[in-house]
DNA sequence: ATCGGGCTGTATAACGTTATAGAGCTCGAG
DNA sequence: CTCGAGCTCTATAACGTTATACAGCCCGAT
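Residue numbers (this note's numbering), protein chains in the order written: chain U, 4 to 339; chain F, 4 to 339.
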């Protein structure tokens with residue numbers, strides 16, 4: 004097998020415990036011996052056996068991040084930030100994905116990986132408050148995204164209502180009146196969809212525009228295909244929309260495709276705004292105006308909160324952290 | 004902590020070893036006691052502590068997959084397949100990314116995660132044959148992608164030369180003569196870029212077309228931005244290309260954007276073909292013709308090969324496995 | 001002188017699991 | 001009846017780590 008503490012101890016002529024103390028500084032070690040031990044470690048190439056360490060102290064040094072989909076660039080970017088942040092704290096991040104599946108989400112919070120990880124960051128889409136409250140595992144849990152509220156866990160999310168308000172306001176400022184929303188969801192568990200819909204409605208009403216339910220397209224998922232079919236439906240209306248607020252960039256990209264198929268132009272005939280600011284949108288034709296959440300800080304804050312819980316340092320009350328966002332205007336609303 | 008073997012043993016009135024044998028059937032157990040133990044397990048809700056098991060038998064049940072970039076959907080899809088496959092074999096897949104950084108790739112094959120994982124699947128972009136041969140770790144390693152050859156490890160990849168040949172042949176069949184390639188790379192370590200360039204050249208020569216070095220655009224990376232700038236350069240030529248073979252779909256999407264910026268049409272003025280068949284391409288405007296590698300089987304085969312090595316079952320010679328691909332024609336070459 | 005208290009260092013008992021050696025028991029063959 | 005074989009089951013030693021208890025030692029304060 005590999006090199007163990009015992010090998011180092013023998014090589015440096017000290018006890019096991021001393022080597023352990025050099026490695027993780029639980030107790031001070033004399034300068035002279037510390038150097039000797041460190042040299043032995045370097046020479047033999049020691050690295051601690053995590054299984055043993057975990058067995059002993061109950062921690063693995065691995066935290067998990069479970070996202071709904073891998074191939075949504077939004078989550079890929081958040082995950083990237085989280086992996087980097089975990090690394091700087093000496094943790095390894097295990098990336099998992101739920102496929103937006105309720106059963107998988109339940110398994111995860113119930114601790115399917117219980118014995119492997121120190122804690123979990125979950126971006127739920129199907130779980131409700133009750134599911135989270137019913138959870139029995141005592142491993143720290145951090146939630147990201149706006150799916151679940153009022154549960155005793157740290158929670159990182161942007162203000163979906165406010166952000167949606169800003170997005171729709173932008174469309175209003177272009178002089179558009181018939182503004183559609185694509186990405187409402189029939190399932191009550193899909194909180195963010197409701198919140199963005201609410202922001203949409205609030206913005207309409209504060210602009211003095213009436214809310215027309217026919218302009219709200221319900222989608223099954225939140226991918227490009229859903230944007231495509233949603234927009235196709237909207238274009239069949241006798242009075243089709245002049246602007247569209249899409250639940251996310253993927254839906255917006257699908258919608259743009261549908262608009263082109265109908266031989267209409269973006270933004271001249273229909274202006275489109277998305278949500279997430281993924282790279283696809285920057286290079287789409289036309290490039291996509293969008294709400295840009297601070298993905299880097301979402302990943303960072305989630306990891307930091309979780310590690311703080313894992314290490315039991317700040318045993319503060321569960322916090323609700325709102326991350327910043329900004330409007331990024333591009334060709335899909337302002338032409339060129 | 005959780006329920007341990009000892010708890011079960013006490014509850015069922017048998018020894019530790021018997022419970023262990025019921026759990027993993029290493030030795031036969033009498034029918035009567037088996038039932039009693041099984042009932043105790045169900046009642047107390049026992050699940051084995053992986054750290055302890057791994058400490059004992061030297062395996063962690065975790066394998067790692069290291070890809071160059073998280074936000075390239077090609078790798079996201081391969082990773083998704085790999086995660087699923089690992090799950091069906093009872094393994095957990097740890098997803099890592101190298102950021103296409105040579106140092107990170109070196110650290111990984113040298114075993115930075117040595118004590119955490121049972122084996123590694125790596126998609127290298129900067130490593131050469133010598134780097135892999137110099138590796139000292141004895142954990143199983145499986146390589147994917149065509150970066151490295153002739154090393155004693157399993158290797159999964161598609162035939163880049165043949166696939167590129169097919170791609171260019173398709174452009175030729177459209178009657179285009181001035182065909183460009185975007186995504187050549189100055190760095191000798193970037194094997195796949197060379198291979199796709201070679202396939203491009205072979206297809207040209209077998210079509211009786213001459214090779215014009217001015218039509219080959221070198222890029223720093225392989226993202227949308229690189230396609231954008233590469234194409235801009237090509238369009239500045241006195242005799243710009245009528246068709247483009249892009250190293251991958253992201254570059255192709257960037258190139259399409261550049262073509263639109265120049266007020267030219269795809270495919271009427273410039274036909275574009277990509278490589279990877281990522282979802283972005285299917286919903287781009289126009290939708291992207293591409294070479295579609297079998298990403299699902301790449302992920303699956305890589306995981307299966309690695310697990311076979313980890314478990315030391317088929318101690319066969321390192322295999323070179325070629326995965327299938329096909330040409331998918333869409334609007335960017337055949338109009339509509 | 002003696003005591004108390006910082007320092008450094010050591011020996012050792014866990015953590016939960018599995019493989020090995022072996023202890024009982026029954027039963028059929030010698 | 002005795003002995004070995006075959007079946008169950010048990011006791012126990014690891015695996016590599018860390019926390020606890022403790023043993024020296026030196027030094028300043030009593």
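Think of the CB as a built atom: it goes at the ideal place given N, C-alpha and C, for glycine as much as any other residue.
Rounded separation between residue 183/F and residue 107/F - CA only = 33 Å
Residue 227/F versus residue 93/F: straight-line alpha-carbon distance, rounded = 37 Å
Expressed to the nearest angstrom, what Euclidean distance is found between the alpha-carbon atoms of residue 288/U and residue 180/F?
-> 27 Å
Residue 338/F classed as buried or exposed, judged by whether at least 16 other C-beta atoms fall within 10 angstroms = exposed
Residue 88/U: contacting residues in chain F (beta-carbon distance under 7 Å) = By Cβ distance, chain F contributes nothing, its closest Cβ being about 14 Å from residue 88/U, past 7 Å.
Run down chain F in chain order and give the residues with a C-beta less than 7 Å from the C-beta of residue 79/U.
-> 73, 74 and 79
As assigned by DSSP and simplified to three states, the class of residue 23/F | helix
Chain U partners of residue 100/F, CB-CB under 8 Å?
-> 83 and 86
Taking residue 325/U as part of the beta strand (DSSP E), name the residues at either end of that continuous run.
-> 323-326
Between the region 195-214 of chain U and the region 156-166 of chain U, do at least 3 Cβ pairs fall closer than 8 Å?
-> yes
Within the region 48-106 of chain U, note down every full beta strand (DSSP E) run reaching 3 residues or more, in order along the chain.
-> 65-70 and 95-100
Cβ of residue 262/U within 8 Å of Cβ of residue 220/U?
-> no
Note down, in chain order, all residues in the region 267-291 of chain F with a beta-carbon under 7 Å from any beta-carbon belonging to chain U.
-> 282, 283, 286 and 288
Close Cβ partners of residue 109/F (< 8 Å) along its chain, the five nearest in sequence each way excluded = 130 and 134
Straight-line Cα distance separating residue 281/F from residue 324/F = 22 Å
Three or more beta-carbon pairs under 8 Å between the region 251-259 of chain U and the region 290-309 of chain U, yes or no?
-> yes
Residues of chain U with CB under 7 Å from residue 119/F, in chain order?
-> 53 and 95
Under 7 Å Cβ to Cβ from residue 328/F, same chain only, skipping five residues before and after it: list those, please.
-> 161, 166, 294, 295, 296 and 297
Sorted by chain position, which residues of the same chain lie with C-beta nearer than 8 Å to residue 102/F's C-beta, five sequence neighbours on each side aside?
-> 71 and 72
Would you mind working out which of 234/U, 9/U, 119/U and 114/U sits nearest residue 222/U, comparing C-alpha positions?
-> 234/U
Can you tell me the Cα-Cα spacing of residue 306/U and residue 187/U, whole angstroms?
-> 30 Å
Please check if any C-beta of chain U sits within less than 8 Å of the C-beta of residue 332/F.
-> no
Any non-hydrogen atom of the ligand PLP within 7 Å of residue 319/F CB = Ligands displayed in this structure: none; no statement on the ligand PLP is therefore possible.
Residues within the region 206-234 of chain F neighbouring chain U, beta-carbon criterion of under 9 Å = 226, 227, 228, 230 and 231
Considering only residues of the region 125-210 of chain U, which uninterrupted alpha helix (DSSP H) runs meet the minimum length of 4 residues and lie entirely inside it, listed in chain order?
-> 132-136, 163-176 and 194-209
Mind reading off the beta-carbon distance from residue 267/U to residue 273/U? Whole number of angstroms is fine, and I expect it under 8 Å.
-> 6 Å
Taking residue 89/U as the reference, which of 80/U, 99/U, 8/U and 67/U has the closest Cα?
-> 67/U
For residue 336/U, the first and last residue of its enclosing alpha helix (DSSP H) | 334-337
List the endpoints of the continuous beta strand (DSSP E) containing residue 278/U.
-> 274-278
Compute the beta-carbon to beta-carbon distance between residue 177/U and residue 336/U, rounded to the nearest angstrom, for a pair I have assumed lies under 8 Å.
-> 6 Å
Which chain U residues are close to residue 58/F, counting only those with a beta carbon under 8 Å from its beta carbon?
-> 52, 54, 55 and 58
Whose Cβ in chain U lies nearer than 9 Å to the Cβ of residue 336/F?
-> Going along chain U, no residue has its Cβ under 9 Å from residue 336/F, so there is no contact; the nearest lies around 17 Å.
The region 130-150 of chain F: which residues have C-beta closer than 8 Å to a C-beta of chain U, in chain order?
-> none
Taking all protein chains shown into account, do 16 or more other C-beta atoms lie within 10 angstroms of the C-beta of residue 19/U, making it buried, or fewer, making it exposed?
-> exposed
At a Cβ cut of 8 Å, what residues of the region 252-268 of chain F count as close to chain U, listed as they run along the chain?
-> 256, 257, 259, 260 and 263
Residue from 214/F, 216/F and 224/F with nearest C-alpha to residue 193/F = 224/F
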